Amino acid sequence: HSTIVRIGNVVDEIAALAREDTLVVMGTSRMPAWKKLIFGSKPLQVVERVPCPVLIVM
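Each residue of the sequence shown is one higher than the one before, starting from 13 at the first, in the working numbering.
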């Protein structure tokens with residue numbers, strides 16, 4: 013188990029780190045549906061970019 017702190021675009025940084033992992037675990041925010049339509053869902057963007065499985069905790 014380790015902790016990594018990175019600065020940058022959330023999706024880009026997770027995708028870069030996930031190349032070495034077998035599973036990404038991340039949570040969701042309680043963002044209203046209209047904001048998700050405008051800004052997108054970070055967990056769904058991660059799912060589309062990483063080669064490994066993603067577990068989304070709600």
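Note that the Cβ used here is the ideal one computed from N, Cα and C, for glycine as well. None of these values were measured; they are calculated from a predicted model.
| request: Measure the Cβ-Cβ separation of V69 and A27 and say whether it is below 7 Å. | output: Stepping through the sequence shown from its first residue, residue 69 is reached at position 57. Stepping through the sequence shown from its first residue, residue 27 is reached at position 15. Not closer than 7 Å, so no.
| Which of helix, strand or coil DSSP assigns to V22 | Here residue 22 is taken as the residue at index 10 of the sequence shown, counted from 1. Helix at V22.
| Delimiting residues of the beta strand (DSSP E) encompassing V69 | By 1-based counting over the sequence shown, the position of residue 69 is 57. Taken as a continuous stretch (DSSP letters only), the beta strand (DSSP E) holding V69 covers V66 to V69.
| field | Helix, strand or coil at A62 according to DSSP, with G and I counted as helix | value | Taking the sequence shown and counting its residues from 1, the one referred to as residue 62 is at position 50. According to the sequence provided, residue 62 is Val. The question's Ala does not apply to it. Coil.
| Given a threshold of 16 other Cβ atoms within 10 Å of its Cβ, counted over all protein chains shown, does F54 qualify as buried or as exposed? | If you number the sequence shown from 1, residue 54 lands on position 42. Here residue 54 turns out to be Lys, not Phe, going by the sequence shown. It counts as buried.
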